[in-house]
Amino acid sequence: MSIHIGASEGDIAECVLMPGDPLRAKWAAETFLSDLRQVNSTRGMLGFTGTWNGHPVTIQGSGMGMPSLSIYANELIRDYGAKRLIRIGSCGAMQAHVTLNDVIIAMTATSTTTPSSTMMREVNFAPCADFALLRAAVAAAEAKGTRTHVGNIYSSDTFYDERPDLTEQMTRHGILAVEMEAAELYSVAARHGAAALAVCTVSDHLQTGEALSAEAREQSFSDMVEIALTAAFPG
Ligand SMILES: O=P(O)(O)O[C@H]1O[C@H](CO)[C@@H](O)[C@H]1O
Ligand SMILES: O=c1cc[nH]c(=O)[nH]1
Numbered sequence: 001m002s003i004h005i006g007a008s009e010g011d012i013a014e015c016v017l018m019p020g021d022p023l024r025a026k027w028a029a030e031t032f033l034s035d036l037r038q039v040n041s042t043r044g045m046l047g048f049t050g051t052w053n054g055h056p057v058t059i060q061g062s063g064m065g066m067p068s069l070s071i072y073a074n075e076l077i078r079d080y081g082a083k084r085l086i087r088i089g090s091c092g093a094m095q096a097h098v099t100l101n102d103v104i105i106a107m108t109a110t111s112t113t114t115p116s117s118t119m120m121r122e123v124n125f126a127p128c129a130d131f132a133l134l135r136a137a138v139a140a141a142e143a144k145g146t147r148t149h150v151g152n153i154y155s156s157d158t159f160y161d162e163r164p165d166l167t168e169q170m171t172r173h174g175i176l177a178v179e180m181e182a183a184e185l186y187s188v189a190a191r192h193g194a195a196a197l198a199v200c201t202v203s204d205h206l207q208t209g210e211a212l213s214a215e216a217r218e219q220s221f222s223d224m225v226e227i228a229l230t231a232a233f234p235g
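Here the sequence shown stands for residues 1 to 235, where the numbers follow full-length UniProt numbering.
Here's what the structure looks like:
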């Protein structure tokens with residue numbers, strides 16, 4: 001048991017999928033895992049452990065934003081021995097060629113700041129995905145024929161943007177989409193020798209204003225979950 005996760009020792013698998021939304025964790029676990037059991041409900045941040053194709057997998061909500069994700073990633077790695085952490089999130093498209101329901105695989109994640117950046121002082125650390133997970137996720141997406149983009153995403157501290165100039169610069173520099181957790185996930189994983197990846201589905205478009213419903217964000221991102229699971233167990 002850790003401070004924010006009520007699971008017992010051995011209840012968390014080495015491979016953990018992390019949606020921001022705890023109800024997406026429930027949906028994904030019930031849809032994709034066998035031998036399922038709920039391992040966390042502390043603060044309503046649901047976590048489940050089961051098996052996928054015989055492999056143990058935990059799906060644990062991270063909450064929204066980097067401070068929340070940071071708590072769960074730290075405890076999963078340091079207290080429960082998680083080795084591979086894959087975010088399965090939603091994101092907002094920042095490029096015209098990216099459309100709703102496309103999958104984004106984040107090679108790296110840009111930010112203005114992260115919970116980890118204060119400890120780096122003058123170092124402008126570049127958070128990056130684990131290459132083996134990244135390569136396996138790209139292969140899985142190609143095999144499924146899912147419309148997928150691989151590149152840089154923006155991990156923002158805000159959902160309601162008051163800095164249109166920042167969004168403009170991010171877009172100008174080819175950033176594919178905005179979400180709120182990946183940069184800190186990559187930083188925490190790097191610090192503790194774990195492998196991390198963020199696979200996101202486009203739920204809305206910053207340029208066109210199109211958006212999926214809350215229900216679709218919770219329960220319709222099957223390709224993303226299958227890509228994440230296949231990347232974690234490519235053999
Ligand atoms: O759908 P999730 O995984 O929560 O991800 C995105 O959605 C939330 C904002 O609505 C933020 O957490 C953002 O990163
Ligand atoms: O953080 C997020 C997630 C989805 N869509 C956005 O615009 N921002």
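We put the beta carbon where it would ideally sit given N, CA and C, even for glycine.
On the CB-based measure, 16 or more other CB atoms within 10 Å of its CB, does residue i come out buried or exposed?
i: M119; result: exposed
i: R84; result: buried
i: H97; result: exposed
i: D161; result: exposed
i: E184; result: buried
Please work out which residues of its chain come closer than 8 Å, Cβ to Cβ, to residue i, disregarding the five sequence neighbours upstream and downstream, and give them in chain order.
i: R24; result: G61, I88, R217, E218, Q219 and F221
i: V225; result: L17, A28, T31, F32 and I88
i: A141; result: V103, I105, T148, D223 and I227
Using 7 Å as the cut-off, classify the Cβ of residue i as near or not near the heavy atoms of ligand 1, replying yes or no.
i: F48; result: no
i: F233; result: no
i: residue 241; result: This structure cannot speak to residue 241, because the chain is shown only from 1 to 235.
i: M107; result: no
i: M224; result: no
Which value, in whole angstroms, describes the spacing of the CA atoms of residue i and residue j?
i: F131; j: I104; result: 15 Å
i: A73; j: S90; result: 18 Å
i: L100; j: A93; result: 8 Å
i: H192; j: R78; result: 8 Å
i: A194; j: A211; result: 34 Å
i: D35; j: T51; result: 6 Å
i: G6; j: T208; result: 42 Å
Only counting the same chain, and skipping five residues up and downstream in sequence, which positions put a Cβ closer than 7 Å to that of residue i?
i: L134; result: I105, M107 and L197
i: A182; result: R87, A106, A109, I153, S155 and A198
Residue i: beta carbon under 7 Å from a heavy atom of ligand 2?
i: C91; result: yes
Spatial neighbours of residue i within its chain, please: CB distance less than 6 Å, with the 5 preceding and 5 following residues excluded, ordered by chain position.
i: T146; result: V103 and D223
i: H205; result: A93
i: P234; result: A136
i: A231; result: L133, A136, A137 and A140
Contact between the region 7-23 and the region 47-56 (3+ Cβ pairs under 8 Å): yes
Inter-stretch contact (C-beta, 8 Å, three-pair minimum) for the region 201-210 and the region 100-116: yes
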